[in-house]
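Asks: Numbering (mature numbering (1 follows the signal peptide of the UniProt record, and there is no 0)), first residue to last: -17 to -1, 1 to 509. This is the structure, below, for whatever I ask next.
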């Protein structure tokens, strides 16, 4: 009877299992890790997940998932050529780019390779037919690459969720119906807080305006690909598919993020990548942590590589670290042959670190980070104080979040050329214990939140798969034109009524006055 019960339970589990399709390009370890973790939590809950993973970065050694089925799409020649000729140039340019327009210009140069890879994905023999046959219940993809929208449409999937490994995407009104309020909500790439001066509000308004205009224009090359391949009647990827999403999951932690306007379809799942936990440091790393009374981790993620930063910055870092003989600086540096730590005993260089495990070690005194979303989330959850040195994209905004909750201080990347500024920042963070105390309390709050991001994600995905598309979450406001949405036509009408009333009153008063004057003059004459 035990065997029968077991078989029955297996049958019931399979009957309730849902099938999800994910589109997750192998681009940027943090993006891949985020999407892979979303897939894994669904599998852990008994569902089936298939990930379509085009190879953007051939050197990336992970799909981000341990449990989901992966369909890897080979790297096309256009993407391979970009990787050979321009990938390092892009990583180097992020250190020199100072403006939003400069950063978006770099992104626009990358898109040609992305679009070429999309064409290769849609042309992959038998892929679309296989996805159709699988009859997936729902799908999700990160809105960085519009190829996912095309693939889901071809597979006949209407229940779609958008994801974003960043905390926010202000300016995505067409996706969510949530208005952009640039007066107190920082844009996705703005280096300002919610308390802005006049000039900062000007900069924030410009930043949001540029993103709002730039992003739809960026999608046109993808549209050209699908139109050329499937005809001009193919739905608009931006307005007809992506904008008709049922849910939008943000890697946002409300306990630390700027308060913002939201909508029913926007769901915060910040910290979901942390649900896999952390481990005790291995003996080799523990030995490094025991070398000196204090230990500082210096890591700038995978996009802004340390070996590509200007030599002036490297020398400043070396000289500054050497001024703290009682502190061990663990520097994640990608090129051992550069011997960046040569002659400086308290620098421990390494090409890789178990970052999350290190952050939870109580011997870590400080984390110097680029403030990527993944690193920011990990550090705040672990309760570690930060020095934020944002390099590109949303890292500027993330750094302002850290400044707002007072668990760290912010430096501009250009400050790495000034040893006095860097030294002062490190001394302040290591000596002022209030930063560590606030960081510890913030981490404790995050770890004890009432609802886990894992449960929130799974339950909402299951609901969408069973009852979607969830059109009841759509804001009608996104269908209004500019004049209707901002009530300019109503205001113009009311102003016209007031002006007309004033004119009529003036005309009546003037007529009465003239008539009265004529009567008075006539009376005097008589």
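Here a beta-carbon is modelled for each residue, glycine too, at the ideal position from N, C-alpha and C.
#1: Determine the burial state of residue 244: buried for a count of at least 16 other Cβ atoms within 10 Å of its Cβ, exposed for fewer.
#2: Considering only residues of the region 273 to 338, which uninterrupted beta strand (DSSP E) runs meet the minimum length of 3 residues and lie entirely inside it, listed in chain order?
#3: So residue 448 is in the beta strand (DSSP E); what residue range does that whole segment cover?
#4: Please classify residue -10 as buried or exposed, where buried requires at least 16 other C-beta atoms within 10 Å of its C-beta.
#5: Pull up the CB-CB distance for residue 62 and residue 99, whole angstroms please, since I reckon it's below 8 angstroms.
#6: Ignore the nearest five residues each way along the sequence and tell me which others in residue 65's own chain have a CB closer than 6 angstroms to its CB.
#7: Per DSSP, what kind of secondary structure is residue -11 in: helix, strand or coil?
#8: Rounded to whole angstroms, what's the CA-CA distance from residue 315 to residue 408? Just pull it up for me.
#9: Put residue 119 into one of helix, strand or coil per three-state DSSP.
#10: Pairing CB atoms from the region 226 to 234 with CB atoms from the region 134 to 149, are three or more of them under 8 angstroms?
#11: Out of curiosity, what's the CA-to-CA distance linking residue 109 and residue 137?
#12: Rounded to whole angstroms, what's the CA-CA distance from residue 54 to residue 35? Just pull it up for me.
#13: Comparing alpha-carbon positions, which option in 2, -1, 3, 50 lies nearest residue 16?
#14: Could you give the uninterrupted runs of the alpha helix (DSSP H) lying entirely in the region 126 to 151, keeping only those of 4 residues or more?
#15: Tell me, to the nearest whole angstrom, how far the beta carbon of residue 169 is from that of residue 175; I am working on the premise that it is less than 8 angstroms.
#16: Between residue 22 and residue 56, is the Cβ-Cβ spacing less than 8 angstroms?
#17: Looking at C-alpha atoms only, which residue of 374, 350, 375, 376 is the closest neighbour of residue 364?
#18: What's the call for residue -13, buried or exposed, on a 16-neighbour Cβ count within 10 Å?
#19: Pick from 263, 125, 94: whose alpha carbon is nearest that of residue 150?
#20: Residue 4 to residue 404, Cα distance in whole Å?
#21: Just to confirm, is the Cβ distance from residue 37 to residue 18 under 8 angstroms?
#22: Less than 7 angstroms separating the Cβ of residue 141 from some heavy atom of the ligand HEM?
#23: Measuring CA to CA, which of 284, 376, 31, 482 is closest to residue 172?
#24: Helix, strand or coil for residue 217? Go by DSSP, reduced to three states.
#25: Return the CA-CA distance between residue 261 and residue 101, expressed in angstroms with no decimal places.
#26: Could you give the first and the last residue of the continuous alpha helix (DSSP H) run that contains residue 460?
#27: Excluding the five sequence neighbours on either side, which residues of its own chain have a C-beta within less than 6 angstroms of the C-beta of residue 59, listed in chain order?
#28: Could you give the residue range of the beta strand (DSSP E) that holds residue 348?
#29: Any beta carbon of chain B sitting closer than 8 angstroms to that of residue 78?
#30: When the Cα of residue 286 is compared with those of 355, 306, 177, 330, which residue comes out closest?
#31: Starting from the Cα of residue 165, find the closest Cα among 190, 158, 400, 148 and give me that residue.
#32: Enumerated in chain order, which unbroken segments of the beta strand (DSSP E) with a length of 3 residues or greater are wholly contained in the region 179 to 247?
#33: Whole angstroms is fine: what's the gap from residue 309's alpha carbon to residue 275's?
Replies: Considering the structure as presented:
#1: Working through the chain shown from its first residue, we reach residue 244 at position 261. Exposed.
#2: 277 to 282, 310 to 315, 330 to 333
#3: Here residue 448 refers to the residue found at position 465 of the chain shown. Looking at the DSSP string, residue 448 is not in any beta strand (DSSP E); the run it does join, the alpha helix (DSSP H), is 436 to 450.
#4: Taking the first residue of the chain shown as position 1, residue -10 is located at position 8. Low confidence applies to residue -10: its pLDDT is 47, below 50, so where it sits in the model is not reliable, and the reading given next is rough at best. It counts as exposed.
#5: Your numbering for residue 62 matches position 79 in the chain shown. Your numbering for residue 99 matches position 116 in the chain shown. That belief holds up - the Cβ atoms of residue 62 and residue 99 are roughly 6 angstroms apart, short of 8 angstroms.
#6: Residue numbering aside, residue 65 sits at position 82 when the chain shown is read from its first letter. So the qualifying residues of the chain are 96.
#7: For the purposes of this step, residue -11 is identified with residue 7 of the chain shown, where counting begins at 1. Model confidence at residue -11 stands at a pLDDT of 49, short of 50, so the residue's coordinates are unreliable and nothing is read from them.
#8: Here residue 315 corresponds to residue number 332 of the chain shown, with the count starting at 1. Here residue 408 corresponds to residue number 425 of the chain shown, with the count starting at 1. Those two C-alpha atoms are separated by around 20 angstroms.
#9: Translated into positions along the chain shown, residue 119 becomes position 136. Coil, per DSSP.
#10: yes
#11: Position 126 of the chain shown, counted from the first residue, corresponds to residue 109. Position 154 of the chain shown, counted from the first residue, corresponds to residue 137. Cα to Cα, residue 109 sits roughly 12 angstroms from residue 137.
#12: Here the question's residue 54 lines up with position 71 in the chain shown. Here the question's residue 35 lines up with position 52 in the chain shown. Their backbone Cα atoms lie some 5 angstroms apart in a straight line.
#13: As a first step, residue 16 must be located in the chain shown, where it is residue number 33. Looking at the Cα atoms, 50 is the closest of the given residues.
#14: 130 to 137
#15: Here residue 169 is taken as the residue at index 186 of the chain shown, counted from 1. Here residue 175 is taken as the residue at index 192 of the chain shown, counted from 1. Right, the Cβ-Cβ distance comes to about 5 angstroms (below 8 angstroms), so this counts as a contact.
#16: As a first step, residue 22 must be located in the chain shown, where it is residue number 39. As a first step, residue 56 must be located in the chain shown, where it is residue number 73. Against a cut-off of 8 angstroms, the Cβ pair of residue 56 and residue 22 comes out as no contact.
#17: Within the chain shown, numbered from 1, the residue matching residue 364 stands at position 381. Out of 374, 350, 375, 376, 350 has the C-alpha closest to the C-alpha of residue 364.
#18: Within the chain shown, the letter at position 5 stands for residue -13. Here the model assigns residue -13 a pLDDT of 49, short of 50, so the residue's position is not dependable, and the following value carries that caveat. Flag for residue -13 reads exposed.
#19: Here the question's residue 150 lines up with position 167 in the chain shown. Residue 150 has its Cα closest to that of 125, out of 263, 125, 94.
#20: Position 21 of the chain shown, counted from the start, is the residue given in the question as residue 4. Position 421 of the chain shown, counted from the start, is the residue given in the question as residue 404. About 48 angstroms.
#21: Residue mapping note: residue 37 aligns to position 54 of the chain shown, counting from 1. Residue mapping note: residue 18 aligns to position 35 of the chain shown, counting from 1. Cβ distance not < 8 angstroms, so residue 37 and residue 18 don't count as in contact.
#22: With respect to the ligand HEM, the structure offers nothing, as it holds no ligand at all.
#23: What you label residue 172 is simply residue 189 of the chain shown in a count that begins at 1. When each option's Cα is compared against that of residue 172, the closest is 376.
#24: On the chain shown, residue 217 is found 234 positions in, with the first residue counted as 1. Here residue 217 sits in coil by DSSP.
#25: For the purposes of this step, residue 261 is taken as residue 278 along the chain shown, with counting starting at 1. For the purposes of this step, residue 101 is taken as residue 118 along the chain shown, with counting starting at 1. Roughly 36 angstroms separates the two Cα atoms.
#26: Start at 1 with the first residue of the chain shown, and residue 460 comes out as number 477. Note, residue 460: premise wrong, no alpha helix (DSSP H); not H, not E.
#27: If you number the chain shown from 1, residue 59 lands on position 76. Only 99, 100, 103 meet the Cβ criterion.
#28: Start at 1 with the first residue of the chain shown, and residue 348 comes out as number 365. 347 to 352 is the span of the beta strand (DSSP E), which, as asked, contains residue 348.
#29: No chain B appears in the structure shown, which is made up of a single protein chain.
#30: Taking the chain shown and counting its residues from 1, the one referred to as residue 286 is at position 303. Measuring from the Cα of residue 286, the nearest candidate turns out to be 355.
#31: Numbered from its first residue, the chain shown carries residue 165 at position 182. The residue with the shortest Cα to Cα distance from residue 165 is 190.
#32: 230 to 233
#33: Walking along the chain shown from the start, residue 309 turns up at place 326. Walking along the chain shown from the start, residue 275 turns up at place 292. Between residue 309 and residue 275, the C-alpha separation is close to 6 angstroms.
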